[in-house]
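Single-structure report; data block below.
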Amino acid sequence: MEKSGGREVRQRSIGTENIPNVAKNGLQNGPETKKVPSRYLSEVIFGYILVYMGVLFLVAFWSYHRLPAPKTVAGHGGTGEFLEERARAHVAEITSFGPRPGGSRANEVFCVEYLMKALSEIKKMAVPGVHEVDIDISFPEGSYTMDIWGGFSPYYKKITNIAARLSPAKEVVRQGEGAHDHSLLLNGHFDTVEGSPGASDDAASCGIMLEILQNLATSPYPLRHDIIFLFNGAEENVLQASHGFITKHPWRKNIKAFINLEAAGAGGRELVFQTGPDHPWLLRAYSQHAVHPFATVIGQDVFQAELIPSDTDFRIFRDFGHIPGVDMAYVSNGYVYHTKYDNLDSIPPGCIQRAGDNIQALATHLANSSTLHEGIEEDPHGSMVFFDLLGLIMVAYPARVGVILNSVVVGAVFLSTLCRRRKDFSSHPVYLSNVLRAMGVIFVSYLAVLVTIVLVILLLTITKSEMSWYANPALIAGLYWAPGFYAMLLVHQWLGAKLHTVDTKANPWILEGVFFDANLLIWSVLVAVLTLKGIGSAYMPMLSVLFALVGRNVMWKGMKTLQEGTKTMLVLTAYISMTVIPLTLWLYLMLLGYEIFLPIMGRSGALVTPELFVGFLTFVVVIMSTNFLVCLIHTCRSLKYTKAFLLLVFIVSLAAVISKVAFPYSGDPAKPAPKRILLEHISRSKHDQSGAIVDHDTYVSVLPLDYLGVRHMESYIPALKDAPMAECRKDMPYCGNPYYLPLLHVFRNQWILPGGEPQIDVETTFKLNSRLKKADHQNLTFTVSGPSHVNLFISLREGVEMTKWSLSEEKPLKTQDGTGGWVYFVCYGGGQPQDHWQFWLDLKVPGSFADTDPIVDVGVAGLHYTDFTQSQEIKDFLQQEPDWVYTIPFLGVYDTWIF
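Heads up: the sequence shown begins at 21 in my numbering, then just goes up one per residue.
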């Protein structure tokens, strides 16, 4: 030992035993000087790492966007294979009718006529004695409650459902099995939101189902079970048509499972993002038979956490039909979702082919095997962990197996850390102390990344440069990833240096090993927490830990270079072996995450800046993509060029944003990123208890769906510069706002422009039919008529309670009304305008109320989305708006009544 400043410093050998004198750059022994090789890496390894990550990104990008070649009649006709050419022709015909909102002639007449004609032609093609095709059209009426978005109650009448049932002919029904005992349901919808031709959402699904039906009906091979093809005409009316089918149609009783086809984007690959509930046999069937698999349990965890502001018919079939299913949707290019850009040109060749290949293979398997009924009876419980490997193969295993696998990996890490003897340290407690300190450094580095991202968000907010990445996603790398990684480097260099000893300065690989083990522990803890919470997404960090653990113990120990002086390429090879698979999968998922969530930020409201969400998503990307690679920071003496590069990327990106070179929106039809506006001409009247109008106003409401409001629009529409914000009318239910969905808490900011009396082609009427009083209860019956979309806002006076109503058997749900009170929100969708419908309320009234005291306020909003006369104010706005704005104009007639 030698003393230094009163402290004993342990001088461990580094391969220099029995050499008496150590010089600065070598060993001196007599007249000869022997050079000691440096244990430090050149900074160039981080250049290689950037190239390595770039290559993996390109691989992930290629896999993510890879589509099969579309098949044609000329090349594959008569083979029974799915042909995109025929399916695309159906999509072209359906979209030729234009936007098809429920209740419009395009939806209820033209599209229905086309589908019925196409189905009739397929019925004629069915092979006699092998297949039977039954076609049914129905116009259900019903209501229900939905406990999402605060809670509301849809009610529908005379909406359209078209169903075709393909079943085995009587001659080929298996002995012991009755006709129609077991059915598989395929569901897609032909209606759209106003203004959108709906090629992907959801005409493509209709075209796919027609093509599959034709292929199976003309096959010489019979099916064992029925397949029901449901073309529903009111999905966009908050899932009403699927409810009408699964609760009222006579074919519903023998349905054992369903496949729901949806879209939240246009083109690309259809993603299986939720399955079940339970019934793992369904996911196994998909994993074994999907030709081009694309599925991840992460999507299921995210969607069921309601982080995506939309829903599908999956919820209806699951909650009201109590049947399991598979939910799949197009998720690419969400910028065109529910806009005029969702046309046939937005669906690239091969997109329909891959979806058709997958769905036809899965449906055929389920309809021909015993799985459809045996799975229900023998394998009804348990969830699955599932993901695809770059679209090549599916990995799926029961969640209970996932728990065991995760536990084994976590246990191996902790046993390795707690029990392994490290010869580089004087004792095991000293080693563990260093690992804990390294964990502290890593956590501080994560905090530094988060703080840096928050500072970037503040900078973008101060300079009014938010959402610049919306039309320019690559900017996220410069604005968030580069400064985040820069902060991580600084913390590791600064705090990591404090862990150095005489030994680690001479051999930095000791410190690298400490940080590697610390990373293993941190990510193992995350795996353990996610596993305990029952979150299937735990598989992703588990894979990172597994490959790091195995790679470290297998390949790393065979690298003699670490004993004799380090060679950069060998070290890089070792790290690649440990990270290539999990990192490629992570970049693949990263693309999916950004692909889904960036477009959603254009319709997520003004409640919270989307920079927070994008910043947090990028924070996760930074720490996941660099988790074990950061250990190499401690093997480099200097990283000045790496830091300079990151800083330069950030400065260039920030300059592009602040200077407005990078604009948030795009009106390019080939690559749109539009700003979305709801433009509503409103006529609003307040009636007193006698029915007389005591207040009336008209105006134009400009409701942007994103965080930026009317920013960037004032120079195009000067009236917006001094336009006042809408104020809550506390004397009217729901603040006097005729919203279609109960989303006032998300979309609060409205700008008010002057508007005269609009032309109202279809009057909205509301009448009290009867009022029956019995003890402390009052039963009120009303009749409503109006356009195909009518909303009710029912607000009870203080002390009054609703015991039941005719709109659902479940307990009525209420939502916040914006004033601190509560309102019952009812969405009506009808297949025919001016149709009359009734409902009643049963109210419990306190004894302190006099007979003449009002007990309930009702707001009635007639919403005219189709076939209405646009006012001059609407026309002027549409004429002035820039091409990067997508506006949905409509008319709202809102009356409030007191009873």
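Glycine included, C-beta positions come from ideal geometry on N, C-alpha and C.
Counted within 10 angstroms of its Cβ, other Cβ atoms place residue i as buried (16 or more) or exposed
i    : result
N922 : Here the chain comprises residues numbered 21 to 919, so residue 922 is not present and cannot be evaluated.
T332 : buried
E141 : exposed
G460 : exposed
P148 : exposed
K44  : Caution is warranted here: a pLDDT of 37 is assigned to K44, below 50, making its placement in the model unreliable, and the coordinate value is therefore given only provisionally. Exposed, by the Cβ-count rule.
H716 : exposed
Y906 : buried
S447 : exposed
A712 : exposed
L792 : exposed
H856 : exposed
N757 : buried
G516 : buried
R304 : buried
E584 : Residue confidence for E584 is low, a pLDDT of 47 falling below 50, so the modelled location carries little weight and cannot support an answer.
Residue i (DSSP reduced to helix, strand or coil)
i    : result
P738 : helix
L666 : helix
S544 : helix
C656 : strand
V865 : coil
V153 : strand
K190 : helix
N207 : strand
T217 : Per the sequence shown, residue 217 should be read as Pro rather than Thr. Correct three-state label for P217: coil.
M610 : helix
Y350 : strand
E584 : Note on E584: pLDDT 47, under 50, position unreliable in the model; no value is reported.
E290 : strand
W825 : strand
P385 : Looking at the sequence shown, residue 385 is not Pro but His. Helix, per DSSP.
E357 : Looking at the sequence provided, one finds Tyr at residue 357 rather than Glu. DSSP places Y357 in coil when its eight states are reduced to three.
Q798 : strand
F813 : strand
M487 : coil
W501 : helix
D444 : coil
A676 : helix
F337 : helix
Y72  : helix
M229 : helix
Distance between residue j and residue i (C-alpha atoms, nearest Å)
i    : j    : result
E256 : M166 : 14 Å
P449 : A458 : 14 Å
F476 : P744 : The sequence as given places Val at residue 476; Phe does not occur at that position. If you take the alpha carbons of V476 and P744, they lie about 31 Å apart.
L519 : F406 : 41 Å
A432 : N454 : 20 Å
P807 : A286 : 30 Å
Y355 : G622 : 8 Å
S485 : A676 : 10 Å
P51  : L61  : Low confidence applies here, because P51 scores a pLDDT of 44, under 50, leaving its location unreliable; read the following figure in that light. Approximately 30 Å between the Cα atoms of the pair.
P121 : I228 : 21 Å
E821 : P762 : 21 Å
G533 : P902 : 57 Å
Cβ-Cβ separation, residue j to residue i (assumed contact under 8 Å), whole Å
i    : j    : result
H119 : S216 : The identity of residue 119 in the sequence shown is Pro, whereas the question assumes His. The pair is a contact, with the Cβ atoms about 6 Å apart (cut-off 8 Å).
V311 : D377 : 4 Å
A107 : I372 : 5 Å
D862 : H765 : In fact, because the Cβ distance is near 28 Å, the residues do not count as touching under 8 Å.
L386 : L87  : Incorrect: roughly 25 Å between the Cβ atoms, too far for contact.
G253 : D221 : The Cβ separation is near 14 Å, so there is no contact.
A780 : S703 : Here residue 780 is Ile; the residue named in the question, Ala, does not match the sequence. Yes, I780 and S703 are in contact; Cβ-Cβ is about 7 Å, under 8 Å.
A183 : H269 : 7 Å
T784 : G882 : 3 Å
S891 : P778 : 5 Å
Contact test: residue i Cβ vs the ligand NAD heavy atom, cutoff 6 Å
i    : result
V150 : The ligand NAD is not part of this structure, which contains no ligands at all.
Mind the definition here: the region 170 to 183 touches the region 838 to 852 only if three or more C-beta pairs lie below 8 Å; say whether that holds. yes
Counting beta carbon pairs with one atom in the region 418 to 430 and one in the region 545 to 555, are three or more of them shorter than 8 Å? yes
At a cut of 8 Å, does the region 589 to 596 reach the region 320 to 330 through at least three beta carbon pairs? Between the region 589 to 596 and the region 320 to 330, the count of Cβ pairs shorter than 8 Å is below three; the stretches do not touch.
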